[in-house]
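S.K.:
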Amino acid sequence: MHVNKKIIYVSHDAHFHGAQLLSLHTIKALKENFHYSVAIISIGTGILIHDFQKYGPVYCLEEDYPTEKRVELLIKKLLSQDYTIAICSTVISGDIVALLAKHNIKVISLIHELPHLIQQYSAEGKARNIAQFAYKIVFPSHYVYEKFRTITQLDHQKCHILPQGLFNHNPYKNNIAKARSELRKKHNLPLDSKIILGVGFADHRKGIDLFSLIAYSVRKVHTNIHFIWVGRTDVHFFNTLSPRYTAHFTLVEPTPDIGLYNAGADLYLLTSREDPFPNVVLEALDTKVPVIGFK
Numbered sequence: 001m002h003v004n005k006k007i008i009y010v011s012h013d014a015h016f017h018g019a020q021l022l023s024l025h026t027i028k029a030l031k032e033n034f035h036y037s038v039a040i041i042s043i044g045t046g047i048l049i050h051d052f053q054k055y056g057p058v059y060c061l062e063e064d065y066p067t068e069k070r071v072e073l074l075i076k077k078l079l080s081q082d083y084t085i086a087i088c089s090t091v092i093s094g095d096i097v098a099l100l101a102k103h104n105i106k107v108i109s110l111i112h113e114l115p116h117l118i119q120q121y122s123a124e125g126k127a128r129n130i131a132q133f134a135y136k137i138v139f140p141s142h143y144v145y146e147k148f149r150t151i152t153q154l155d156h157q158k159c160h161i162l163p164q165g166l167f168n169h170n171p172y173k174n175n176i177a178k179a180r181s182e183l184r185k186k187h188n189l190p191l192d193s194k195i196i197l198g199v200g201f202a203d204h205r206k207g208i209d210l211f212s213l214i215a216y217s218v219r220k221v222h223t224n225i226h227f228i229w230v231g232r233t234d235v236h237f238f239n240t241l242s243p244r245y246t247a248h249f250t251l252v253e254p255t256p257d258i259g260l261y262n263a264g265a266d267l268y269l270l271t272s273r274e275d276p277f278p279n280v281v282l283e284a285l286d287t288k289v290p291v292i293g294f295k
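Numbering (UniProt numbering), first residue to last: 1 to 295.
1) Between the C-alpha atoms of I7 and D82, what's the straight-line distance to the nearest angstrom?
2) Comparing C-alpha positions only, which one of Q164, G125 and Y121 sits nearest to V138?
3) Rounding to the nearest angstrom, what Cα-Cα distance links L270 and K69 in this structure?
4) Locate the beta strand (DSSP E) running through K136, then write down its first and last residues.
5) For A86, write down the residues that DSSP places opposite it in a beta bridge.
6) Take K288 and list the residues in its own chain whose beta-carbon comes closer than 8 Å to its own, dropping the five residues that flank it on each side.
7) Nearest-angstrom Cα distance between V107 and L282?
8) Just verifying my parser: in three-state terms, what is the DSSP assignment at M1?
9) In angstroms with no decimal places, state the Cα-to-Cα distance between R205 and P254.
10) Is the beta carbon of K147 sitting closer than 9 Å to the one on L114?
11) What are the boundary residues of the beta strand (DSSP E) that L269 is part of?
12) Based on the DSSP output, what are the partners of K194 in its beta bridges?
13) Would you give the residue range spanned by the beta strand (DSSP E) that F249 belongs to?
14) For I49 versus I96, is the C-beta distance shorter than 9 Å?
15) Under a three-way DSSP split, which group does A131 fall into?
16) Look at the alpha carbon of E274 and the alpha carbon of H17, and state the distance between them as a whole number of angstroms.
17) Any idea what DSSP makes of A123, helix, strand or coil?
18) Out of curiosity, what's the CA-to-CA distance linking S11 and V221?
19) Once the 5 residues before and after L99 are set aside, which same chain residues still bring their CB inside 8 Å of it?
20) Could you say which of Q119, H236, C88 and I92 lies nearest to I105 if we only look at CA atoms?
21) Rank E182, I208, V280 and Y121 by C-alpha distance to the C-alpha of L91 and give the top, closest one.
22) Counting Cβ pairs, one atom from each stretch, are 3 or more of them under 8 Å apart for the region 166–180 and the region 256–264?
23) Using CA atoms only, rank isn't needed, just tell me which of Y172, Q20 and H103 is closest to S80.
24) Just confirm the distance between the C-beta atoms of P276 and S141, as a whole number of angstroms; I'd bet it's less than 8 Å.
25) Tell me the rounded alpha-carbon separation between A101 and L22.
26) Of the choices I27, K194 and G44, whose alpha-carbon is the least far from that of H15?
27) Would you give the residue range spanned by the beta strand (DSSP E) that V289 belongs to?
28) Since I161 and Y135 are thought to touch, with beta carbons under 8 Å apart, how far apart are those beta carbons, to the nearest angstrom?
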C-alpha cells in the first residue's frame, strides 16, 4: 500500500516565539522521526526562516506571494507535487486554510489562541474559516476549545483535544545543582540567592508590568530574591512602565540556553493575563520548578 509521505506545514510567521518554535520542532519531527517531505509556508517573515529551511523548502507569503492569486498558484504547484494534506498553526492561518480547502487539500488546524487575542488581531473571520473549512481542528485543552466556541460555531465531530508535549530536552534536568551554580555565576549573584523566572514576549498579555511590580514589592523586603525575565520586549509597552519597577529585574534576550534558566530557578512566575497552554510552564515543571500563576 502506497503512503503519501508529503505534507504542507503553515506557520503564521517565523519569529522567535512559542507557537513558531513549536512549529519548528513539529516540522523537525515530521522530517526526522516520521520521514515526511515537508513544504513549509510561512505567512510572515522572521529569524526562524533559516531554521525552517533545514527541513524543507520555505515559501514566505509576505515576501514572495503578496496576492491571493500568487498564493493559489503556489498551492496548485504543491498539489502537482502530490502535497494533499496540510497542518496549519494558529488562528492567523485561517485564510490559508480556506484556500487550501478550496483546492481539496485536507487541513488540520492547530489552535493556540484565546478570544482576547483573536479579537485583538481582528481574526474572527479567520476563526470562522477554520471552523468551516478545516478537516480536523486540534486544541491543546478543553478550556481553549470552549473559549473558541465563543468566537465561532464548531462541528464538535471534527474537533480534538490533544495536549501538546515538550519539544525541548533540558540538558540540566539531571544536574540541577550545576544549573543553579552556573546561572548565579552568569549573573554575578550570590550562590545562595533565590531566582524567580519569567519567560516570553514581554508585553501586556504576558504581564511584564505585573512581573516588574511584584519584583519591586518583593525586593523591598527580600533583597536576596532576584527576578529574571528571558525574552524580547514590546518596546512601546515596556517604555510605559516606571523605571522604579523595571529596575528590580534583569531582562535577558532570548537564548538557546533556556534550559539553564529553567533548571537554575527557584520559582516560575506566570503573570500572563491570557495564556492558552504555556509551554514555559511545562518546561519549568519538567525540572521540578514550582509555578505560580493567576487564576
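Heads up, the beta-carbon is just placed ideally off N, CA and C, and yes, glycines get one too.
M.R.: In brief:
1) The residue labelled residue 7 in the question sits at position 7 within the sequence shown. The residue labelled residue 82 in the question sits at position 82 within the sequence shown. Distance between the alpha carbons of I7 and D82 is about 9 Å.
2) Numbered from its first residue, the sequence shown carries residue 138 at position 138. V138 has its Cα closest to that of Q164, out of Q164, G125 and Y121.
3) Along the sequence shown, read from residue 1 onward, the residue named residue 270 stands at position 270. Along the sequence shown, read from residue 1 onward, the residue named residue 69 stands at position 69. Going from the Cα of L270 to the Cα of K69 covers about 43 Å.
4) To locate residue 136, count along the sequence shown from 1; it is residue 136. Residues K136 to F139.
5) Here residue 86 is taken as the residue at index 86 of the sequence shown, counted from 1. Paired residues: I8 and V107.
6) Position 288 of the sequence shown, counted from the start, is the residue given in the question as residue 288. Excluding positions up to five away in sequence, the list reads I176.
7) Here residue 107 refers to the residue found at position 107 of the sequence shown. Here residue 282 refers to the residue found at position 282 of the sequence shown. Taking the straight line joining both Cα atoms gives about 27 Å.
8) Numbered from 1 along the sequence shown, position 1 holds the residue referred to as residue 1. Reliability of the predicted coordinates at M1 is poor, the pLDDT of 47 falling under 50, and the value obtained from them is presented with this limitation in mind. Looking at M1 - three-state DSSP - the assignment turns out to be coil, as it is neither helix nor strand.
9) Within the sequence shown, residue 205 is the residue found at index 205, counting from 1. Within the sequence shown, residue 254 is the residue found at index 254, counting from 1. Looking at the two C-alpha atoms, the distance is approximately 18 Å.
10) On the sequence shown, residue 147 is found 147 positions in, with the first residue counted as 1. On the sequence shown, residue 114 is found 114 positions in, with the first residue counted as 1. A contact, by the Cβ cut-off of 9 Å.
11) Here residue 269 is taken as the residue at index 269 of the sequence shown, counted from 1. Residue range L267 to L270 is occupied by the beta strand (DSSP E) that includes L269.
12) As a first step, residue 194 is located in the sequence shown; it is residue number 194 there, counting from the start. Partner(s): I225.
13) If you number the sequence shown from 1, residue 249 lands on position 249. F249 to V252 is the extent of the beta strand (DSSP E) around F249.
14) Taking the first residue of the sequence shown as position 1, residue 49 is located at position 49. Taking the first residue of the sequence shown as position 1, residue 96 is located at position 96. Their beta carbons are not under 9 Å apart, which means I49 does not touch I96 by this criterion.
15) Here the question's residue 131 lines up with position 131 in the sequence shown. Here A131 sits in helix by DSSP.
16) Within the sequence shown, numbered from 1, the residue matching residue 274 stands at position 274. Within the sequence shown, numbered from 1, the residue matching residue 17 stands at position 17. Cα to Cα, the separation comes out at about 15 Å.
17) As a first step, residue 123 must be located in the sequence shown, where it is residue number 123. Three-state DSSP puts A123 in coil, outside helix and strand.
18) Numbered from its first residue, the sequence shown carries residue 11 at position 11. Numbered from its first residue, the sequence shown carries residue 221 at position 221. Between S11 and V221, the C-alpha separation is close to 45 Å.
19) To locate residue 99, count along the sequence shown from 1; it is residue 99. Around L99: E68, V71, E72 and I75.
20) Along the sequence shown, read from residue 1 onward, the residue named residue 105 stands at position 105. The shortest Cα separation from I105 among Q119, H236, C88 and I92 belongs to C88.
21) Residue 91 sits at position 91 when you count from the first residue of the sequence shown. Residue 91 is actually Val in this sequence, not Leu. Answer by Cα proximity: Y121.
22) yes
23) If you number the sequence shown from 1, residue 80 lands on position 80. Residue H103 is the option with its Cα nearest to S80.
24) Counting from 1 along the sequence shown, the entry for residue 276 is found at position 276. Counting from 1 along the sequence shown, the entry for residue 141 is found at position 141. About 7 Å; that satisfies the 8 Å criterion.
25) Against the sequence shown, residue 101 aligns to sequence position 101. Against the sequence shown, residue 22 aligns to sequence position 22. Approximately 23 Å, taken between the alpha carbons.
26) Walking along the sequence shown from the start, residue 15 turns up at place 15. Comparing Cα positions, the closest option is G44.
27) What you label residue 289 is simply residue 289 of the sequence shown in a count that begins at 1. From DSSP, V289 is part of no beta strand (DSSP E); its letter is neither H nor E.
28) By 1-based counting over the sequence shown, the position of residue 161 is 161. By 1-based counting over the sequence shown, the position of residue 135 is 135. Between Y135 and I161 the Cβ distance is about 17 Å, and since that is not below 8 Å, they are no contact.
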